[in-house]
Amino acid sequence: MPDPTPHRNPTWPPSGVIIAPSLLAADFARLGDAVADVAADGADWLHLDIMDGHFVPNLSFGPQVLKALRGGSALPFDVHLMISPADSYIPGFAEAGADHVIVHAEAGPHLHRSLQLVRSLGKRAGVALNPGTPAEAIASVLDMADLVLVMTVNPGFGGQAFLHSQLEKVRQVRAMIGGRPIALEVDGGITPETAPLAIEAGAGVLVAGTAVFGAQDPAAAIAAMRGAA
Ligand code: DX5
Ligand code: ZN
Numbered sequence: 014m015p016d017p018t019p020h021r022n023p024t025w026p027p028s029g030v031i032i033a034p035s036l037l038a039a040d041f042a043r044l045g046d047a048v049a050d051v052a053a054d055g056a057d058w059l060h061l062d063i064m065d066g067h068f069v070p071n072l073s074f075g076p077q078v079l080k081a082l083r084g085g086s087a088l089p090f091d092v093h094l095m096i097s098p099a100d101s102y103i104p105g106f107a108e109a110g111a112d113h114v115i116v117h118a119e120a121g122p123h124l125h126r127s128l129q130l131v132r133s134l135g136k137r138a139g140v141a142l143n144p145g146t147p148a149e150a151i152a153s154v155l156d157m158a159d160l161v162l163v164m165t166v167n168p169g170f171g172g173q174a175f176l177h178s179q180l181e182k183v184r185q186v187r188a189m190i191g192g193r194p195i196a197l198e199v200d201g202g203i204t205p206e207t208a209p210l211a212i213e214a215g216a217g218v219l220v221a222g223t224a225v226f227g228a229q230d231p232a233a234a235i236a237a238m239r240g241a242a
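Here it is in structure tokens:
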């Protein structure tokens with residue numbers, strides 16, 4: 014299929030370490046400025062956590078917020094849907110400006126259909142795995158995925174401790190991906206201390222909320238997680 018956003022994502026999967034700050038940890042009273050700041054600080058993507066109060070025990074924001082931020086940012090929008098069922102919301106997030114739409118393997122009985130829907134809308138399709146879900150759960154949909162997200166905390170909240178038990182799953186998914194053009198992302202508890210562990214296990218995209226937006230020096234934190242500091 015044609016590249017949906019050639020101006021933002023020239024190659025896939027991206028090379029090097031990608032840092033995707035999670036907006037969940039930003040100051041919600043000044044979201045537009047927070048997005049501009051984090052781009053200037055070296056973020057590669059913006060990670061947007063969508064929570065429905067049902068699949069996860071928390072609520073966040075919807076496509077209207079994406080749309081409002083989209084005009085002011087050239088960063089790829091990496092949209093993590095913690096929604097069950099997700100399918101009826103996918104077109105709204107695609108229209109609002111998502112570049113990647115990630116659905117959870119646990120969110121419904123028709124994961125393959127959800128990924129097909131995302132791709133049919135010209136967006137990159139991602140599949141996420143909760144800590145309690147084995148890597149094998151995505152074996153049958155790998156050819157439908159552009160991105161796999163391994164949760165390294167239980168989804169629902171920022172600021173939780175990294176689950177080291179998930180590193181083995183990152184290794185397994187990296188081996189399953191083989192030569193496919195799939196980005197491997199980790200999400201939750203990523204800090205300058207845990208980032209090297211995730212990278213060593215095979216992750217190429219690091220989501221970080223608290224470690225970026227809660228840092229005294231977000232640019233230094235991003236550089237440290239990238240391994241450039
Ligand atoms: C959790 C979200 C994460 C979260 C990460 O459900 O998917 O993206 O914002 O936050 P930190 O980096 O603080 O663990
Ligand atoms: Zn997330």
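One rule links them: number in the numbering used here = place in the sequence shown (from 1) + 13. Just so you know, even glycine gets a beta-carbon here, dropped at the ideal spot from N, CA and C. These numbers come from a predicted model, not from an experiment.
* To do: Kindly examine ligand 1 and report whether one of its heavy atoms sits closer than 7 Å to the Cβ of T223.
  => Within 7 Å of the C-beta of T223 there is at least one heavy atom belonging to ligand 1.
* Pick from D40, T223, T207 and H117 that is closest to M238, judged by C-alpha positions -> Closest by alpha carbon: T207.
* For I195, write down the residues that DSSP places opposite it in a beta bridge. => Per the DSSP secondary-structure output, I195 pairs with nothing in a beta bridge.
* For A158, which of A138, V131, T165 and G145 has the nearest alpha-carbon? -> A138
* Asked: Curious, which full-length alpha helix (DSSP H) runs of at least 4 residues does the segment 166 to 229 contain?
  -> 180 to 190, 208 to 214 and 223 to 226
* With DSSP as the reference, label G45 as helix, strand or coil. => helix
* Asked: Short check: CB of A118 to CB of I151, under 8 Å?
  -> Their beta carbons are under 8 Å apart, which means A118 touches I151 by this criterion.
* Hey, is V199 close to ligand 2, as in C-beta under 7 Å from one of its heavy atoms? -> no
* Which term fits Q179, buried or exposed, when burial requires 16 or more other beta carbons within 10 angstroms of its beta carbon? -> Classification of Q179: buried, given that the 10 Å Cβ count is 16 or more.
* For S35, the three-state DSSP class (helix, strand or coil) -> strand
* Asked: So, helix, strand or coil for L88, using DSSP?
  -> coil
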